[in-house]
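Heads up, the thing below is written out as structure tokens.
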Amino acid sequence: MAVQKLLKAEERLWAPEEVRLRANLQNFPEEYRRSLEDPEGFWGEWARRFYWEKPFEKVLEWNLPEHRWFLGGTTNAVYNALERNVERGLRNKVALLYLSEDGREEKLTYGELLDRVRRLATGLRRLGVEKGDRVVIYMPLTLEGILAMLATAYLGAIHSVVYAGLGVSALRERILDAGAKLLIAGDVSYRRGKGVDLRSIVEEAIKDLPLKVVWFQRAFQAELPEGHYDFQEILWGSPPEARAEMVDAEHPLFILYTSGSTGKPKGVVHVHGGYMVGTTYHLRTFFDVKDDDVFWTTSDIGWIVGHSYIVYAPLLEGVTSLLREGAPDYPDPGAFWQVVERYRVNVMFTAPTAVRLFMKFGPEWPARYDLSSLRLIAVAGEPLNPEALRWAYQHLVDGGQRGFVADNWWQTELGGPTLGTPLVLPAKPGFAGVALPGVEAEVVNEEGKPVPPGQGGLLVLKRPFPHMMRTVWGNHDRYLQYWREVPGNVYASGDIASKDEEGYFSVLGRADDVLNVAGHRIGTADVESALVSHPAVAEAAVIGVPDPLKGEAIKAFVVLRLGQTPSEELKESLIAHVRRELGPIATPSEIVFLDKLPKTRSGKILRRLLKAQELGKDPGDLSTLEE
Amino acid sequence: MARKRSLSTVQAALRILAYLAEHPEGVEVKEVARLLGKSLSTAYALLNSLAEEGFAVKTERGYRLGQAKPLRLETTPLEEALEELYLRTRERCYLALLTPEGIRLKTRGRQGQPHPLGDTLPEEVHALALGKVLLAYGALSLPPLVPRTPYTLTDPLALEAELTRVRESGLAAEMEEYAPGLSALAAPLFGPGGELLGALGVVVPTRRFPFAFGRLARALSEVAQVSAHLRPPEPPSLASPLEPSLQVEVVEPPCALKERANLRDYPGAYQASLEDPEGFFGSFAREFHWETPWERVYDPATHTWFSGGRTNAALNALDRHLPERAQQVALITLDGDGHLEKWTYRELLDLSSRLAGVFQNLGIKRGDRVALYLPTGLEAALSLLALARIGAVHVALPVGLGPEALRERLLQSQARLLIAADGYFRRGQLVPLRPVVEAALKDLDLPVLWHVRGSTEFLERASEGSPLEAVPVPAHHPLFLLHTSGSTGIPKGVVHGHGGYMVGVSWAFRYLFDLKPGEVFHTTADLFWVVGHSFGLYAPLFLGGTSLLVEDRPDHPSPAAFYERLRRLGVDVLLTSPTVLRALRRHGEARPTSLRLVGSVGEALAPEVWRWTRENLAWPLDNWWQTELGAPALATPLTLPAKPGFVGVPLPGVEARVVDAEGRVLPPGAKGHLVLLRVGPAHMVDLLGGESPWKGGLYWTGDLATWDEEGYFRILGRSEEVIKVGEARLGTAEVEAAALTHPQVAEAAAIGIPGEEGEEIVVFAVPKKEVPEELKALLAEKIKAHLLRHLGPVPPPRIVFVERLPRTRSGKILRRLLKAELLGVDPGDVSALEEEYGGAKAS
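If you read the sequences in order, they're chains A and B.
If you're matching positions, the first sequence starts at 294 in my numbering and goes up one per residue.
If you're matching positions, the second sequence starts at 735 in my numbering and goes up one per residue.
Okay, here's the thing in structure tokens:
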């Protein structure tokens, strides 16, 4: 393939020897072999590091596509993150180190966190939240957002965090799909020194829904109608009485919605037992986090990366997790590096789009700060282009003198790193890395047959692991579909990849109509239906075009209703409309008005053609094109 | 020791007779009952039996002393010698008395120790140390030599040689007494004419004998020497030897606290600390990092600790805990502006080692003194740690000190640099300090490093320094100089060192204040007092703990805020002062907190306040110490029952006594001067500009105290704060404690002013609620009557109502000032006065 030629096949970037020698996981090949040969022993051993109210009787039961882990065991992930760590002497250790958008710092210790989670859980229980109930959380990246997640799970209820950048229809759809009993929402989020109003979005989204709402009010204390409550009052007005609800290992911990090509978001379900075990395993072995490290994941609690690596895995392992609200280049392009210097961050987990942003600002920004503490930068969310990897390696970890840049690939459905470059192996620019322990990955053709090394194909997983999703909320058929798309009882990731002779995978992009904008999965169908819901629009088609920063940007082709005339104002109105409906991340960066859209004879829009035209490429087989 | 021992009938009778002798006018039954702490019927029964024997006579006003002379009263001093020996050694002690009827044996010892002997000496008396003494001085003829153990001397020549040694040394020792595994020491007792009265002995398990020998020999010889004079020829300098005003209540600590206490066996620890300081404090000290190990743990002659050892306090406070505690919160700071911040061990190490670099650039070297005029907070904590790091000596001066006092202390301490804040918060108000500092520094060539409030300048500057490693210094190298608070006049500069101080405060933090790993500690004392140094900063960090530092007054803006803070931050152990507790008590019921223990230090904790604390906050832990001592010396450890009003017992390493003005040991119940024979490792290493408290081998604390038979001490106030009314000597603290038992009194201060019979007692009382003018006279009468009930027969005191009492910033009442105001004379140096005091309003 073309991309393949761009890669210098022989290029190897190594972690410095002292980092390799201190790696938590020394013998990667042996670990990997054991994880596949003896998955019960392998995962069972790691699982026994945690507290089980009732020990599990069996590590796993596969009846693909169904898989269940730690059968018979009862536990609670939040109990393991809080009580267990407080009891082993970490009460005064900083659990969460929060940097607010205005530069304020707040540290919460494990002891304080436990106290607050118990209070909030008591308060939520008084509002009627019980085991199994769904609580939707629409909160900016704050300690309170995390408290809301933990308190919900503490009670055995199921949280569903909706990224506070998503718009009205996205929020409403998720609340309805989850069948939420309660919404915990922020009134405002801050970015670049400005408040972004969330209250009106929430109010519109919940119109006529019989839903209790707890408001985390930072902008101002509003007079709340009946059934609406103030977060701080619920928190501090409740005694720390609640105790963790011990649940079955397979009891849902959370639902997290992700976009598909069909238009309807899928509620990916993760469970207490396996998720706890798997995400922590990778925190220690892939992210190489030590007990006294400061671990900084630059994501948001609205995404799976935030769930696993801001909240659950670091807290479960008793380490210090740093979280920061706001943009990476605000107030200046050195903002990230100032944080690394000030808090001596040891391991950082960020996204390729951020790396590309730093590239744009130039190496002089990181050079101004003391980054000597930084040992590992993990990058995931979308393919990390070789230039970005080389740049990060060169300028963020002293060309490998001090640390390592570890690319990795995974999905909401997979809970934790699946392919990646462990720091004992060399990084190859353009390759995400090898299959990590517990993972059996393959590149296959549409018949499910492996393709030769170097050739592109569908990326599939041949076996499940503990932290892999269990179902799609309310739509188990959709779950089964993941496993039936490609023959051979394999999990189809929906991504296209190639694999080299050494087992390194290069992930090339989506196989379906899903865009990856700055690491966020956005269904083209979502954007199209948002556009069509505008009164001026008759039809719309959306494609992704390459973007130097975001990886992909959204380009929309719009056919107007009769009587509407194209104008700049209309473009702006359309953009504002999508922004409102879906949120800023799904906003088209370009809108083109067309008279008609290319369609197949069956009436399907040929996005492929639009894309080919856009990129000046051969559009391929156009036999189905409507005249 | 821990158990309350009830009075035996004989002792009770002896006490009654002594009391009758002092009260020729007659004594009522209820007085006797109160004296003994027994019921009226018991008192009746005792008095009746004494009357039957002719020792007492019943009159119209109770009882008087009878004509009959009790025979055994003569031997009382010797029995007190036995008691004294027991109190000093806490071992089983024997007294052999030569009486016309033969040798009578008396014994005294704690339960659980062997007591195999009867009232008479066994035949094989030569096998006992006690017997050897009697043999050596010819009180016995040589009996048949029956071996008691394989080690018994049966060879007459060997025995004679042994007896010669006894005569030469005045001590007899027996390694294996009447049974293997028991050793003993004994000494003769001589009368005033040099005649042998008997012998005094002490028994310990053989395995402890080598360690205990020195201590026991000293105790024996001292007690044997003074025994004949134990009852002083004249009445003691303080009137009644007995303490009638306090109803002693014994309160058992809650089981949950006792069972989980870090120090389970106080008596064992105490004994070990005295017998084997090497083993006891040495093994604890090994937890810390020593660059060079010490040669000797304790030198009793000079009271120096860990000589030869090299270490550094800052290294042990910070570096020692990394990387394990890198992300643990070390300090939580709440500044007067309401900003709450948490600082991890890594951050403190990073910032303080960089600040050390800044100091080095300013020319500060090892041994240099650097003064601080900073409020409680991160900047002060970092400065102390940074100075300690480079071996410089920090001299923290209380903020709020006036320009004159500040200047005086800067000159006295020869500071090379002053670190000063330009303001501090009191009750939410920012009080400017720059004018004070500038006035104090007028014409002085002293550089100032400013901490500008409201800016991060100081921290930014600190973070620009290049980090320095900690410099190992000898254990006695000065760590800090602190001026003792000025309730008594000219301030003295107390110097503490790196090594012993570290061990002493850490021991108290873990074993007295009972901190467990992961708990949060808070002292309301400002960082610039010794309590702040020892327990706000150093001890918590030495042991890897977490300490909360608060700049403003604890009850600002309200006591509710104080309770809320304790609750939210999960404070487990609080160390505060009776002043703060009284202030909280004034506001009524407390709110629930997570407190487990409340330490109280600074002045005597009145039983009323003790009870309030117990009911409203948590188990009170009274403790007594001084700036010179660095860490608690007397206290009630968690496993012992508390006696409200009594501070407690000596802590490991400390030996305490109550003596008269000449240094003679007074028996339990008598009022006298509190002295220490031995002090713990946190004892000062130097004293500047003052008289040493050590005189004649005793540390004179300057406090008045009594002790009871179980070795519990009760602090009665400073010896210069004694009121002489008629024949009676009353400590100000005891008058105040009595006043506080009145339900209307929130705070009280007592002074003596010249009056008709010596001095007149004046009590300044802060009423709990505002009292209408017309009711004041009535309330004053009620309090007066209340005081008379508690204090016994003294001229009626005068009551003055005030809104608040003048206190030093460390919370001590400035009685000097009250006196001066009342008499209209110059109050002298009041630089230590808390700024809010507006003068007493007499009414």
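We put the CB at the ideal spot given by N, CA and C, even for glycine.
Kindly list the residues whose CB is nearer than 6 Å to the CB of residue i, restricted to its own chain and excluding five residues on each side of it in sequence; keep chain order.
i               : result
V830 (chain A)  : L824, V851
L874 (chain B)  : L868
P848 (chain B)  : Its pLDDT being 48, under 50, P848 (chain B) is placed unreliably by the model, and the measurement read from it follows with that caveat. There are no such residues.
E845 (chain A)  : L808, N809, V810, G837
V489 (chain A)  : S482
I477 (chain A)  : I430, A441, V507
R1532 (chain B) : V1496
T1373 (chain B) : K992, A995, Y1000
F1192 (chain B) : E1113, H1185
Give every residue of the same chain whose Cβ lies closer than 8 Å to the Cβ of residue i, excluding the five residues on either side of it in the sequence, and list them in chain order.
i               : result
A1304 (chain B) : Note that residue 1304 (chain B) corresponds to Gly in the displayed sequence, not to Ala. Excluding positions up to five away in sequence, the list reads V1254, S1328.
L299 (chain A)  : Confidence at L299 (chain A) is low in this model, with a pLDDT of 47, below 50, so its placement is unreliable and the value that follows should be read with caution. Contacts found: P679, G723.
A515 (chain A)  : D480, R492, W508
L1056 (chain B) : Y1079, R1080, L1083
P939 (chain B)  : G915, L916, S917
G1111 (chain B) : T1067, D1069, L1261, L1283, E1285
H521 (chain A)  : K505, V506, V507, W508
Kindly list the residues whose CB is nearer than 7 Å to the CB of residue i, restricted to its own chain and excluding five residues on each side of it in sequence; keep chain order.
i               : result
G932 (chain B)  : L812, L829, A830, L831, L832, L923
P626 (chain A)  : F654, W658
P804 (chain B)  : A caution first: P804 (chain B) carries a pLDDT of 46, below 50, which makes its placement in the model unreliable, though a value can still be read off. Counting only Cβ-Cβ distances below 7 Å, and skipping sequence neighbours, we find L751, F789.
E311 (chain A)  : none
A747 (chain B)  : L780, L784
L1202 (chain B) : S1087, A1090, G1091, Q1094, R1123, I1124
Would you say residue i and residue j are within 9 Å of each other, going by their C-beta atoms?
i               : j               : result
G1382 (chain B) : N1350 (chain B) : no
R536 (chain A)  : R411 (chain A)  : yes
L546 (chain A)  : Y568 (chain A)  : yes
G1445 (chain B) : W1241 (chain B) : no
L1539 (chain B) : I1485 (chain B) : no
L1422 (chain B) : L1215 (chain B) : yes
A1416 (chain B) : G1336 (chain B) : no
I597 (chain A)  : Q704 (chain A)  : yes
Residues of chain B with a CB under 7 Å from the CB of residue i: which are they?
i              : result
D585 (chain A) : P1057, E1058, A1060, Q1061
R384 (chain A) : G1252
For a contact meaning CB atoms closer than 7 Å, what does residue i contact in chain A?
i               : result
R1080 (chain B) : R637
T1280 (chain B) : N385
G1097 (chain B) : Within 7 Å Cβ-Cβ: nothing; G1097 (chain B) doesn't reach chain A, min ~26 Å.
G1188 (chain B) : Within 7 Å Cβ-Cβ: nothing; G1188 (chain B) doesn't reach chain A, min ~15 Å.
Give the residues of chain A in contact with residue i, contact being defined as C-beta atoms less than 8 Å apart.
i               : result
K1076 (chain B) : V387, K400, T402
Could you work out which residues of chain B lie near residue i, taking near to mean beta carbons separated by less than 9 Å?
i              : result
T613 (chain A) : A1060, Q1061, T1078
With respect to 8 Å, is the separation between the Cβ of residue i and the closest non-hydrogen atom of the ligand SAH below this value?
i               : result
E1142 (chain B) : No copy of the ligand SAH occurs in the structure displayed, which carries no ligand at all.
Inset, instruction - Write down every uninterrupted run of the beta strand (DSSP E) in the segment 1287 to 1338 of chain B whose length is 3 residues or greater and which is fully enclosed by it, in chain order. - result: 1305 to 1310, 1331 to 1334
Legend entry - Interface positions of the segment 1239 to 1255 of chain B facing chain A (Cβ-Cβ less than 7 Å), listed along the chain: P1251, G1252, V1254
Legend entry - the segment 402 to 421 of chain A: positions lying closer than 8 Å to chain B by Cβ: T402, G404, E405, D408
Inset, instruction - Quick one: which unbroken beta strand (DSSP E) runs of 3-plus residues sit fully inside the segment 378 to 405 of chain A? Chain order, please. - result: 387 to 392, 398 to 402
Inset, instruction - With 8 Å as the limit, tell me which residues of the segment 357 to 382 of chain A have their beta carbon closer than that to any beta carbon of chain B; keep them in chain order. - result: V379, G382
Inset, instruction - Could you name the residues of the segment 1282 to 1314 of chain B whose beta carbon sits closer than 7 Å to any beta carbon of chain A, in the order they occur along the chain? - result: G1304
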